[in-house]
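This report concerns only the one structure given below.
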Amino acid sequence: MWNQFFLLEEYTGTDTQYVGKLHTDQDKGDGNLKYILTGDGAGSLFVIDENTGDIHAAKKLDREEKSLYILRAKAIDRKTGRQVEPESEFIIKIHDINDNEPKFTKDLYTASVPEMSGVGIIKTALPDMSRENREQYQVVIQAKDMGGQMGGLSGTTTVNITLTDVNNNPPRFPQSTYQFNSPESVPLGTHLGRIKANDPDVGENAEMEYSIAEGDGADMFDIITDKDTQEGIITVKQNLDFENKMLYTLRVDASNTHPDPRFLHLGPFKDTAVVKISVQDIDEPPVFSKLFYLIEVDEDVKEGSIIGQVTAYDPDAMNNLIKYSIDRHTDMDRIFSIHSENGSIFTLKPLDRESSSWHNISITATEINNSKQSSRIPVFIRILDINDHAPEFAMYYETFVCENAKPGQLIQTISVMDKDDPPRGHKFFFEPVPEFPLNPNFTIVDNKDNTAGIVTRKDGYSRKKMSTYLLPILIFDNDYPIQSSTGTLTIRVCACDNQGNMQSCNAEALVLAAGLSTGALIAILLCVIILLVLVVLFAALKRQRKKEPLIISKDDVRDNIVTYNDEGGGEEDTQAFDIGTLRNPEAREDSKLRRDVMPETIFQIRRTVPLWENIDVQDFIHRRLKENDSDPSAPPYDSLATYAYEGNDSIADSLSSLESLAADCNQDYDYLSDWGPRFKKLADMYGGDDSDRD
7 MWNQFFLLEE YTGTDTQYVG KLHTDQDKGD GNLKYILTGD GAGSLFVIDE NTGDIHAAKK
67 LDREEKSLYI LRAKAIDRKT GRQVEPESEF IIKIHDINDN EPKFTKDLYT ASVPEMSGVG
127 IIKTALPDMS RENREQYQVV IQAKDMGGQM GGLSGTTTVN ITLTDVNNNP PRFPQSTYQF
187 NSPESVPLGT HLGRIKANDP DVGENAEMEY SIAEGDGADM FDIITDKDTQ EGIITVKQNL
247 DFENKMLYTL RVDASNTHPD PRFLHLGPFK DTAVVKISVQ DIDEPPVFSK LFYLIEVDED
307 VKEGSIIGQV TAYDPDAMNN LIKYSIDRHT DMDRIFSIHS ENGSIFTLKP LDRESSSWHN
367 ISITATEINN SKQSSRIPVF IRILDINDHA PEFAMYYETF VCENAKPGQL IQTISVMDKD
427 DPPRGHKFFF EPVPEFPLNP NFTIVDNKDN TAGIVTRKDG YSRKKMSTYL LPILIFDNDY
487 PIQSSTGTLT IRVCACDNQG NMQSCNAEAL VLAAGLSTGA LIAILLCVII LLVLVVLFAA
547 LKRQRKKEPL IISKDDVRDN IVTYNDEGGG EEDTQAFDIG TLRNPEARED SKLRRDVMPE
607 TIFQIRRTVP LWENIDVQDF IHRRLKENDS DPSAPPYDSL ATYAYEGNDS IADSLSSLES
667 LAADCNQDYD YLSDWGPRFK KLADMYGGDD SDRD
């Protein structure tokens, strides 16, 4: 039974400590066997005599370091080197001796115990220990081994004990009454003063909130809690008025926000104090009856009309008189004025919503006895719309009609605009002018959506007969009072392809020297027409190569031959030239000024009545005569408008062919090429060398 051996720790003898002996029955004592030791500490801590099997401890052992060693033993035949028995395992246990005193894990312990606590591991020796009286305690604790018997060892440690706080103290005001003063004009939210209740507790146990109890001044003031300082801040909740009340008395409560139910039996955890607030009288500026004024007025109101009124009063007991004025920086154009005594606002100038729909002005009320006391108020004046503008074309329309147009074709869609803004929206109507209700060329179709279409009424148009048409259109709205205007649409006659795309238009413009009158214009037109007729006659006579005189006698009347030795034949002479030229509105220029009068403006445009195909020459001349009589630029004396005026001598001399037959040689017409585009056709006919042979 050598499986276990026991050994004492901390052996202090001079010799090595004997552990035990290993022995096998195969050992005959003749020295043939050899004992070998392996395992924990073999050879270093434990050594074995290989002949006898005795085991000794070579060193001093410490059970606290290692209390158990496992080793293995072998018995080997020296001659053969073989084990005579299987390897065997055994254990060496170290017996403990009292060689270590008790030790605490820390040199200093810190503990906390809630005040007023009951039994614990470390118990309070006194009942109801108060943190407010003493917060820190230090305790020394000794530990002994061997149950405290003689010869045992001991150790000590220190424990610092802190009493933690509990909410066992209510807040208390240091004084029962507080006094504050406040001017009556302080803004809302102004801090009037601070009060504080004391609480011996700390942390959240000392947190408190303040409130104003119901009663006098509860609706005029408020109190808020400063979380950092635990103070109550009294603020102004409503406007103060010295004339209304001069003194307020408040009851303010301070209470803990985190009461401990274990200590509610100690009493209510709150306290009450009285706060008196005296209101001081000051001289206040005038007060308007409103924060702002909104005035609505029609834009057609007459100058000097009262459109509204502002009122202000002096809140002081003296009730000083007040005067009113308008800040002219907000009314630079001086459109409005105000009665200085009663605050009535009236207009100085006409109003126009289309130019300015809102006027924002500032009115000042000032005490008469103290000009430093004044108040300002904004007044917003809204100008209401009145239907005072007539609808007009929304844009300038360049309208054309094809020569090959068919009846019922839409050639233009027009829309209009109106500066007014009726509340029910715009609604426009389109009609022909009453003077010409039935136009033979075009029809106006109202689309019922504030647009109108221009539709052709006849089959085909001729640029030679009429290159431009003027179509007056009556436009009116549906607001009250109804406003209307007449817009004139200029329609050009153009050559188009089969798809209706414009190719070219007869857009000749008669450029005349400044100062020519309407009569001179007509005379020049007549001369040009006569000149063309003479050139045609001359060409026809020249082809016949006849040398006889142009006119033999008065009885010799030939086709296209007109005698010019009289004043004209009146209406019977209308077949000698194309009378349609006089009826063409494009063949006149109203913007030309008279030469015999100093014009008031450089660009003076006169509106004339539109012309139609059914107006004859006599009516045309009467209208022109009426226009000249009513012309404001005409001189005060009578002026004769000559309609047969041929103008000054031409720089090209006479173009008459009456005397051309008297010449022996052919006339040279090459100079026609230098006369410009108006004579290009004649230059092509007579300017070439082969023109006489054609």
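Numbering (our numbering), first residue to last: 7 to 700.
Note that CB positions come from ideal geometry on N, CA and C, so glycine has one too.
Does DSSP put His335 in a helix, a strand or coil? helix
So, with DSSP's three-state summary, where would you put Ala689? helix
For Phe11, count neighbouring Cβ atoms within 10 angstroms of its own Cβ and tell me buried if that reaches 16, exposed if not. buried
Between Ile536 and Asp625, what straight-line distance do the alpha-carbon atoms span, to the nearest angstrom? 22 Å
Three or more C-beta pairs closer than 8 Å, one from the segment 294-306 and one from the segment 348-361: is that the case here? yes
Return helix, strand or coil for Ser679, following the three-state DSSP convention. helix
Could you tell me which of Cys408, Gly493, Ile460, Pro274 sits nearest to Asp503, measuring between CA atoms? Cys408
Below 8 Å on the Cβ atoms is my guess for Thr462 versus Thr496; work out the distance and round it to an integer in Å. Going by Cβ atoms, the distance from Thr462 to Thr496 rounds to 16 Å, so no, they are not a contact pair.
Check whether the segment 172-180 touches the segment 265-280, taking contact to mean three or more Cβ pairs, one atom from each stretch, closer than 8 Å. yes
So what does Leu77 bridge to, in DSSP terms? Gly45, Phe96
Hey, Glu93 and Lys112: beta-carbon distance below 8 Å or not? no
Let me know if Gly49 comes out buried or exposed under the rule of 16 or more other beta-carbons within 10 Å of its beta-carbon. exposed
Enumerated in chain order, which unbroken segments of the beta strand (DSSP E) with a length of 3 residues or greater are wholly contained in the segment 279-316? 299-304, 312-315
Taking the C-alpha atoms as reference points, what is the distance between Asn104 and Leu159? 8 Å
Exposed or buried, which one is Asp339 when buried takes at least 16 other CB atoms within 10 Å? exposed
Less than 8 Å between the CB atoms is what I'm expecting for His101 and Leu39, so what's the real figure, rounded? 31 Å between Cβ atoms; not a contact.
Three-state secondary structure assigned by DSSP to Ala546: helix
Please say whether Val285 and Leu246 have beta carbons closer to each other than 8 Å? yes
Taking the beta strand (DSSP E) that Phe11 belongs to, which residues open and close that run? 10-14
Under the DSSP definition of a beta bridge, which residues are partnered with Gln142? Thr168
So which of Met423, Gly26, Asn410, Asp485 has the shortest CA-CA distance to Lys464? Asn410
Residue range of the alpha helix (DSSP H) that Leu272 falls in? Segment: none, Leu272 is in no alpha helix (DSSP H) and carries neither H nor E.
In angstroms with no decimal places, state the Cα-to-Cα distance between Pro292 and Asn456. 54 Å
Using the Cα positions of Pro605 and Ser636, report the straight-line distance between them to the nearest angstrom. At Pro605 the pLDDT is 47, less than 50, meaning the model places this residue with poor confidence; the figure from the coordinates comes in the next sentence. Rounded to the nearest angstrom, the two C-alpha atoms are 15 Å apart.
How many whole angstroms separate the CB atoms of Ile344 and Ile328, which I take to be in contact at a CB cut-off of 8 Å? About 12 Å; that fails the 8 Å criterion.
Going by alpha carbons, who is nearest to Met691 out of Lys632, Thr235, Val623, Arg549? Arg549
Excluding five sequence neighbours on each side, which residues of the same chain lie with their C-beta closer than 6 Å to the C-beta of Asn484? Lys433
Can you check DSSP and say which residues form a bridge with Tyr467? Note: Tyr467 sits in no beta bridge, so no partner.
Roughly how many angstroms lie between the CA atoms of Gly310 and Asp337, to the nearest whole one? 16 Å
By how many angstroms is the C-alpha of Asp21 removed from the C-alpha of His29? 23 Å
Endpoints, the beta strand (DSSP E) within which Arg630 is located: It is not in any beta strand (DSSP E) - Arg630 instead sits in the alpha helix (DSSP H) that spans 623-635.
Expressed to the nearest angstrom, what Euclidean distance is found between the alpha-carbon atoms of Glu215 and Pro274? 14 Å
According to DSSP, residues forming a beta bridge with Met423: Glu398
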